[in-house]
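S.K.: Take a look at this one; I'll ask things after.
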């Protein structure tokens with residue numbers, strides 16, 4: 003079996019860490035091929051484009067230029083400057099990441115979802131700038147998390163996700179990732195998994211260190 007979720011972390015310079023996560027429409031081989039193309043282009047573009055909103059615009063144009071099947075991908079891109087704790091985000095129709103500030107209540111990191119990549123070229127994307135402090139964490143995830151269902155056909159939902167994520171504030175990136183995945187699995191119980199699940203956590207450590215933990 004193959005899925006359409008994608009994620010990646012790459013050092014695009016001595017003071018620039020690029021983090022991205024997305025979800026391709028459809029299933030099977032066509033979705034996985036579109037996913038590989040999106041990942042490859044994102045990695046290449048991250049070396050020459052420092053701003054995530056510009057990176058998404060260029061990625062969108064490249065994907066839209068040769069897309070006879072009409073596929074699309076939701077895509078969230080973040081550029082972190084570890085030394086300054088500066089994180090710039092741009093969203094193309096993907097789930098809003100959850101911010102876990104040290105000692106504060108969890109909140110959504112971006113306001114708007116934006117438009118998915120792969121349609122008509124020429125789109126612009128919104129930019130969100132955040133300053134992260136030591137101990138702050140950011141959870142990126144795909145809709146297989148927020149749209150998980152239990153045997154009673156109840157949806158896990160975004161608000162439950164945010165509340166459950168808040169319980170892991172202050173913990174390490176691997177603990178946050180594993181803990182949230184366990185919460186989703188416990189909620190779903192015996193119900194079959196309805197979609198691919200991917201979770202990636204970024205946490206600011208001492209002296210700007212930024213461990214990243216991924217899970218699926």
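In this note's numbering, the protein residues as written are 3 to 218.
Ideal Cβ placement from N, Cα and C applies to all residues, glycine included.
1. Does DSSP put residue 210 in a helix, in a strand, or in coil?
2. Would you call the region 142-154 and the region 184-204 in contact, with 3 or more CB pairs under 8 Å?
3. May I ask which residues mark the beginning and end of the beta strand (DSSP E) holding residue 131?
4. For the region 49-64 against the region 105-113, are there 3 or more C-beta pairs whose distance is under 8 Å?
5. Does the structure place the region 159-178 close enough to the region 117-135 that three or more beta carbon pairs sit under 8 Å?
6. In this structure, does DSSP put residue 60 in helix, strand or coil?
7. Given residue 71, which residues of its chain have a CB within under 7 Å of its CB, disregarding the five upstream and five downstream residues?
8. What is the rounded straight-line gap between the Cα of residue 55 and the Cα of residue 24?
9. From the DSSP secondary-structure annotation, give me the bridge partner or partners of residue 82.
10. Could you tell me if residue 165 is buried or exposed, where buried requires 16 or more neighbouring beta carbons within 10 angstroms of its beta carbon?
11. Are the C-beta of residue 64 and some C-beta of chain B separated by less than 8 Å?
12. Can you tell me whether residue 145 is helix, strand or coil according to DSSP?
13. Would you please state the rounded distance, in angstroms, between the beta carbons of residue 80 and residue 21? I believe it to be under 8 Å.
14. The alpha helix (DSSP H) spanning residue 183 covers which residue range?
15. Grouping DSSP H, G and I as helix and E and B as strand, with all else coil, what is residue 26?
16. Classify residue 125 as helix, strand or coil using the three-state DSSP reduction.
M.R.: From the atom records:
1. In the chain shown, counting from the first residue as 1, residue 210 sits at position 208. Below a pLDDT of 50, predicted positions are generally treated as unreliable, and residue 210, at 48, falls in that range; no measurement from the model is reported.
2. yes
3. As a position in the chain shown, residue 131 is number 129, starting the count at 1. Residues 129-133.
4. no
5. no
6. Taking the chain shown and counting its residues from 1, the one referred to as residue 60 is at position 58. Reduced to three states, the DSSP call for residue 60 is helix.
7. The residue labelled residue 71 in the question sits at position 69 within the chain shown. Excluding sequence neighbours, residue 71 sits near 32.
8. As a working note, residue 55 is residue 53 in the chain shown. As a working note, residue 24 is residue 22 in the chain shown. Rounded to the nearest angstrom, the two C-alpha atoms are 15 Å apart.
9. Walking along the chain shown from the start, residue 82 turns up at place 80. Per DSSP, 19 and 89.
10. The sequence position of residue 165 within the chain shown is 163, counting from 1. Exposed, by the Cβ-count rule.
11. Absent here is chain B; the protein component of the structure consists of one chain.
12. Here residue 145 is taken as the residue at index 143 of the chain shown, counted from 1. Residue state, collapsed to three classes: helix.
13. For the purposes of this step, residue 80 is identified with residue 78 of the chain shown, where counting begins at 1. For the purposes of this step, residue 21 is identified with residue 19 of the chain shown, where counting begins at 1. Confirmed, about 5 Å.
14. Taking the chain shown and counting its residues from 1, one reaches residue 183 at position 181. Run containing residue 183: 175-190, per the alpha helix (DSSP H) assignment.
15. As a first step, residue 26 must be located in the chain shown, where it is residue number 24. DSSP places residue 26 in strand when its eight states are reduced to three.
16. Working through the chain shown from its first residue, we reach residue 125 at position 123. Looking at residue 125 - three-state DSSP - the assignment turns out to be coil, as it is neither helix nor strand.
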